[in-house]
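For what it's worth, our numbering labels the leading residue of the sequence shown as 3, then goes sequentially.
Don't be surprised by glycine CBs; every beta carbon is placed ideally from N, CA and C.
As the structure is a prediction and not an experimental result, all values here were calculated from the model.
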Amino acid sequence: MHQHSALKTKPDLQQEKILTGDRATGQLHLGHFIGSLQQRVALQHQHRQTILVADLQGLTDNGHQPHKVSSNILNVVADYLAVGIDPSKTTICLQSAIPALAELTMYYANLVSVSRLERNPTVKNEILSKSFGRAIPAGFLTYPISQAADITAFRATLIPVGDDQLPMIEQTNEIVRKVNTIAQDEILLECKPLLSKTPRLPSTDGKGKMSKSMGNCILLSSSEKEISRAVKSMFTDPHHLRVEDPGRVEGNVVFTYLDAFHPDVGHVRELKQQYQEGGLADGTTKKILEECLQEILKPVRERRERFISDKSQLIEILKNGSDKSRQEANQVLDRVKQAFGLDLFQPA
Ligand code: TRP
C-alpha cells in the first residue's frame with residue numbers, strides 16, 4: 003500500500019516533457035546559471051526538453067523599446083550553448099517564430115476573466131514594481147495566457163521554475179481543464195512545477211534581484227576585470243569594521259555566493275565560523291570567492307565568445323529548433339480549433 007502511493011506520487015521522469023523559457027530582455031547572469039541553466043544541462047540527458055526564447059513575452063513590457071528584445075535573442079542562445087545546453091538534445095526555439103502560440107493565446111483568452119488575470123500574484127507584483135500606473139499594456143496583463151499557450155503547445159508536463167512562476171502553472175492548468183471540458187476529451191495535458199532547490203541569488207549589492215542596468219550583477223559574459231570589480235564591491239556586513247570584529251554571515255552577499263558556488267562545503271563552513279568569531283577580513287573572503295567565480299566563468303566566457311562570433315550558426319540552431327517546434331504546436335492548435343468547432347478547413 004505504502005509502496006503503491008510512493009510510486010504514484012513520484013513522477014516518471016523519463017516520460018515527462020520539459021519546457022523552460024526566458025524572456026529575451028538581456029544577457030543571462032549568475033543567477034540564471036545557478037538557479038536554472040545547470041539544471042537544464044543535467045535534465046537534457048534524461049528527458050525530452052524544449053527551451054523557449056520568449057521574445058514576445060519580453061515585449062509585453064518593452065513595446066516602446068523593442069530593440070531591448072531583438073538585440074538579445076542571439077545573446078540568450080549563445081548563453082545557453084556556452085553553459086553546455088546541447089541543441090542535439092534540447093530543442094531551442096523562438097516564440098515569435100511559432101504562430102500557433104499566438105493563435106492558441108487568442109482561443110484561451112476567451113476562457114480567462116480580467117479579474118482572474120489581475121489576481122495573479124506574480125503579475126500583481128510585477129505591475130507594482132514596473133510602475134505602469136494606469137497604462138498597463140494589455141499584452142502584459144495577459145502574458146499568463148500566452149505562457150499557458152507555450153506550455154500546452156509543446157505538451158510539456160514538467161516545468162522547472164522558481165516559486166514566482168507557480169501562479170503561471172496554476173493558471174495554465176485552469177485553462178487546460180476548461181479546454182478539455184469543451185473538447186470532452188483530454189486534448190491538453192496538465193503540467194507540474196519542478197521547483198528549483200537553489201534559493202534566488204541576490205544582486206551583488208544585496209538589495210534584491212540582479213539587473214544589468216543597476217550594475218549589480220555578474221553576467222556569463224563578464225570579463226575577468228568585471229568579475230573582480232563586482233566581487234570587490236559586494237555587500238558584506240556593514241558593522242564588520244575591523245578584521246578582529248565578529249561579523250554577520252546572514253545577508254552577507256559574499257557568503258551567499260560562497261554557499262552557491264564554492265565546491266568545498268566544509269571549507270565554507272569553517273570560513274563562516276571564523277568570520278563570526280572575528281579575525282577574518284572581508285578582503286580574504288572576497289579573494290576566495292573571486293578565485294572560485296573566475297574558475298567557473300572562464301570556460302563559459304570563452305565558449306560564449308566563440309558562439310557569439312558566429313551569428314549564422316546561432317541563427318541556424320534557433321531556426322532548426324523553431325521549425326521542429328512549429329510542427330508540434332500546429333498539431334495542438336488543430337485539436338484546440340476542433341474543440342471550438344472552428345475546423346472547417348481541416349481534413350476530416
Ligand atoms: N515567464 C518566464 C520568465 O519570466 C518565461 C517563460 C515564457 C516561460 N514562457 C514560458 C517559462 C514557458 C516556462 C514555460 O522567466
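Assigned with DSSP and collapsed to three states, residue 31 falls in strand.
Taking 7 Å as the cut-off, the C-beta of residue 24 counts as close to a heavy atom of the ligand TRP.
In this structure, the C-beta of residue 212 stays at least 7 Å away from each heavy atom of the ligand TRP. Across the set 192, 63, 104, the C-alpha of 63 shows the shortest separation from the C-alpha of residue 138.
For residue 75, the enclosing alpha helix (DSSP H) begins and ends at 75 to 85.
Under the 10 Å beta carbon count, residue 151 is surrounded by 16 or more other beta carbons and is classified as buried. Your pair residue 85 and residue 255 does not check out as a contact, with CB atoms roughly 22 Å apart and the cut at 8 Å. The shortest CA-to-CA distance from residue 308 to any of 79, 75, 59, 244 is the one to 79. Cβ-Cβ distances below 8 Å link residue 29 to 74, 77, 78, 81, 214, 221, 222, 223 in the same chain, with the five nearest sequence neighbours on each side left out; the list follows chain order. Here the alpha carbon of residue 250 sits roughly 7 Å from the alpha carbon of residue 277.
In this structure, the straight-line span from the alpha carbon of residue 229 to that of residue 296 is close to 7 Å. Following the DSSP letters along the chain, one finds residue 95 inside the beta strand (DSSP E) bounded by residues 92 to 96. Of the candidates 22, 25, 33, 33 places its Cα closest to the Cα of residue 218.
In the structure shown, residue 56 adopts extended strand secondary structure according to DSSP, grouped into three states.
In this structure, residue 87 has its CB at a distance of at least 7 Å from all heavy atoms of the ligand TRP. The beta carbon of residue 236 sits no closer than 7 Å to any heavy atom of the ligand TRP. Between the ligand TRP and the CB of residue 170, the shortest heavy atom gap is smaller than 7 Å. Secondary structure of residue 290 (DSSP, three-state): helix. Taking the CA atoms as reference points, residue 325 sits about 24 Å from residue 44. A direct Cα-Cα distance of roughly 20 Å separates residue 279 from residue 291. In terms of Cα proximity to residue 265, the closest of 294, 305, 275 is 294. For the pair residue 270 and residue 195, the Cα-to-Cα distance works out to about 31 Å. Counting the other Cβ atoms within 10 Å of the Cβ of residue 37 gives 16 or more, which makes it buried.
Not a single heavy atom of the ligand TRP lies less than 7 Å from the C-beta of residue 185. For residue 245, no beta strand (DSSP E) run applies, since DSSP gives it neither H nor E.
Segment contact: the segment 94 to 102 against the segment 116 to 129, fewer than three CB-CB distances shorter than 8 Å; contact not assigned. Excluding the 5 residues flanking it on each side, residue 31 has same chain C-beta neighbours closer than 7 Å at 212, 219, 220, 221, 222, in chain order.
Counting along the chain, residue 21 sits inside the beta strand (DSSP E) bounded by residues 19 to 25. A distance criterion of 7 Å places the beta-carbon of residue 266 beyond contact range of the ligand TRP, judged by its closest non-hydrogen atom. For residue 67, the three-state secondary structure derived from DSSP is coil.
Between the ligand TRP and residue 36, a heavy atom-to-CB distance of less than 7 Å is absent.
Counting of Cβ neighbours within 10 angstroms places residue 130 among the exposed residues, the total staying below 16.
Fewer than three pairs of CB atoms, one per stretch, sit closer than 8 Å, so the segment 41 to 56 makes no contact with the segment 230 to 239. For the beta strand (DSSP E) assignment, the uninterrupted runs of no fewer than 3 residues enclosed by the segment 140 to 203 are, from N- to C-terminal side, 160 to 163, 194 to 197.
180 is the residue among 180, 125, 261 whose C-alpha sits nearest the C-alpha of residue 342.
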